[in-house]
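**Q**
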Amino acid sequence: MKYKAIFFDWDGTAVLSRTAPTEVVRECMIPLLREGKKLIIVSGTTYENIAEGKLHELLPKDCLNNLYLGLGRGAYNYGFKDGQPVILQENMPNLEELMKIHRASYRLHEELLVKYDICTDIVFNRPNYCKVDLMAAHVRGGKLFLQQEEIDQVKEILTEGGLTGGLLEVLALSEKLGEEEGIKLKATTDAKYVEVGISTKSDNVNYFMDHVLTDFGISAEDCCFWGDEYCYLTEGVPGSDAYMITDMTREGDFFDVSKENRTLPAEVKWLGGGIETFHEFLRKA
Numbered sequence: 648m649k650y651k652a653i654f655f656d657w658d659g660t661a662v663l664s665r666t667a668p669t670e671v672v673r674e675c676m677i678p679l680l681r682e683g684k685k686l687i688i689v690s691g692t693t694y695e696n697i698a699e700g701k702l703h704e705l706l707p708k709d710c711l712n713n714l715y716l717g718l719g720r721g722a723y724n725y726g727f728k729d730g731q732p733v734i735l736q737e738n739m740p741n742l743e744e745l746m747k748i749h750r751a752s753y754r755l756h757e758e759l760l761v762k763y764d765i766c767t768d769i770v771f772n773r774p775n776y777c778k779v780d781l782m783a784a785h786v787r788g789g790k791l792f793l794q795q796e797e798i799d800q801v802k803e804i805l806t807e808g809g810l811t812g813g814l815l816e817v818l819a820l821s822e823k824l825g826e827e828e829g830i831k832l833k834a835t836t837d838a839k840y841v842e843v844g845i846s847t848k849s850d851n852v853n854y855f856m857d858h859v860l861t862d863f864g865i866s867a868e869d870c871c872f873w874g875d876e877y878c879y880l881t882e883g884v885p886g887s888d889a890y891m892i893t894d895m896t897r898e899g900d901f902f903d904v905s906k907e908n909r910t911l912p913a914e915v916k917w918l919g920g921g922i923e924t925f926h927e928f929l930r931k932a
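Okay, structure coming up:
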């Protein structure tokens, strides 16, 4: 099928890591962008971490009109104007709301420590969410994407602490604490981190479906969605890329390139092969 719009994750799908070279994926992207296909990068990171913030300098200017980015776990949606990135829409809390997010995240840290003897770290400086590190002693290095051993390690940590509900219980607790602080939170996880905030990748893809692609007559059936973190970490807890599956996008095609064939949402087809599989698709798209 010749898709009119291609959504894809960055780390682990398009490139091996944030510091890895981007030449191959850029060479695959350029012909599609010049052909008029819409390419939409959907990532939890910020623009500064996509090709070191220089993606617009590394692609021909005539390609940028068909390139978009949904970043920051739903916080920012970008297009380009006159060769420069511009924010088309942002989902940011005011200071009062941000403090509620911070308090809920600290209360999660406190409850895990006091009740279950699980020590966590918190990253507070994200735009509209906090990252609660469930495995503070474990350092990912350049491999920022989900690793199978992390799922096993965090299960062991939670079980030893007495959290019988595992990651699902931690997510539910995060959202409950948000309610108590007076804010509706959406908690997600990649095993190592619990991300507690007001948006997810769902908000990114829904924005582009509703406010960009409709202007070009592109519907969900014309789109595909690529990632490497669709799999269920445990029952009821999908990976971050699964949040690209929404009511607006469900009629599209979803592909997983992770190395291992694990349990996936029903909508997703596993292809495996890592970034090479995605690059090969781009060459033929």
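Take 648 as the starting number for the sequence shown in my numbering and just add one per residue.
Glycine included, every Cβ here is placed at the ideal spot set by N, Cα and C.
Reducing DSSP to helix, strand and coil, say where A867 ends up.
**A** helix
**Q** Exposed or buried, K685, counting other C-beta atoms within 10 Å across all chains shown (16 or more means buried)?
**A** buried
**Q** Rank G659, M648, K708 by C-alpha distance to the C-alpha of S905 and give the top, closest one.
**A** G659
**Q** Spatial neighbours of Y725 within its chain, please: CB distance less than 8 Å, with the 5 preceding and 5 following residues excluded, ordered by chain position.
**A** Excluding sequence neighbours, Y725 sits near Y694, Y715, L716, G717, L718, P732, V733, I734, L735.
**Q** Output the boundary residues of the beta strand (DSSP E) element that contains T881.
**A** 879 to 881
**Q** Could you work out which residue in P774, E914, V841, S664 is closest to C871 when comparing CA atoms only?
**A** E914
**Q** Using the beta-carbon count (16 or more within 10 Å), is V761 buried or exposed?
**A** By the neighbour-count rule (16 or more Cβ atoms within 10 Å), V761 is not buried but exposed.
**Q** Looking at F655: is its Cβ nearer than 8 Å to the Cβ of I688?
**A** yes
**Q** Select from R665, I765, M746 the residue whose C-alpha is nearest the C-alpha of E807.
**A** The shortest Cα separation from E807 among R665, I765, M746 belongs to I765.
**Q** Quick one: is K728 buried, meaning 16 or more other Cβ sit within 10 Å of its Cβ, or exposed?
**A** exposed
**Q** According to the Cβ coordinates, are H756 and T767 closer than 8 Å?
**A** Cβ distance < 8 Å, so H756 and T767 count as in contact.
**Q** Alpha carbons only, please: which of A652, L702, K649 is nearest the one belonging to R673?
**A** Residue nearest to R673 within the set A652, L702, K649 is L702 (criterion: CA-CA distance).
**Q** Which whole-angstrom value is the C-beta distance of L832 and A751, which I expect to be below 8 Å?
**A** 6 Å
**Q** Are the segment 805 to 820 and the segment 848 to 867 in contact at 8 Å, needing three or more beta carbon pairs?
**A** Contact fails: fewer than three Cβ-Cβ distances are below 8 Å.
**Q** Just confirm the distance between the C-beta atoms of K778 and I830, as a whole number of angstroms; I'd bet it's less than 8 Å.
**A** Incorrect: roughly 17 Å between the Cβ atoms, too far for contact.
**Q** Going by C-alpha to C-alpha distance, which of C878, V852, E927 sits closest to G691?
**A** V852
**Q** What residues are listed by DSSP as bridge partners for D903?
**A** Beta-bridge partners assigned by DSSP to D903: G874, W917.
**Q** Please report the distance separating the alpha-carbon of V843 from that of G883.
**A** 17 Å
**Q** Report yes if the CB atom of N738 is closer than 8 Å to the CB atom of I845, and no otherwise.
**A** yes
**Q** DSSP on E796, reduced to helix/strand/coil?
**A** Under the three-state reduction of DSSP output, E796 falls in the helix class.
**Q** Out of G825, N772, R773, L781, point me to the one whose CA is closest to Y763's CA.
**A** L781
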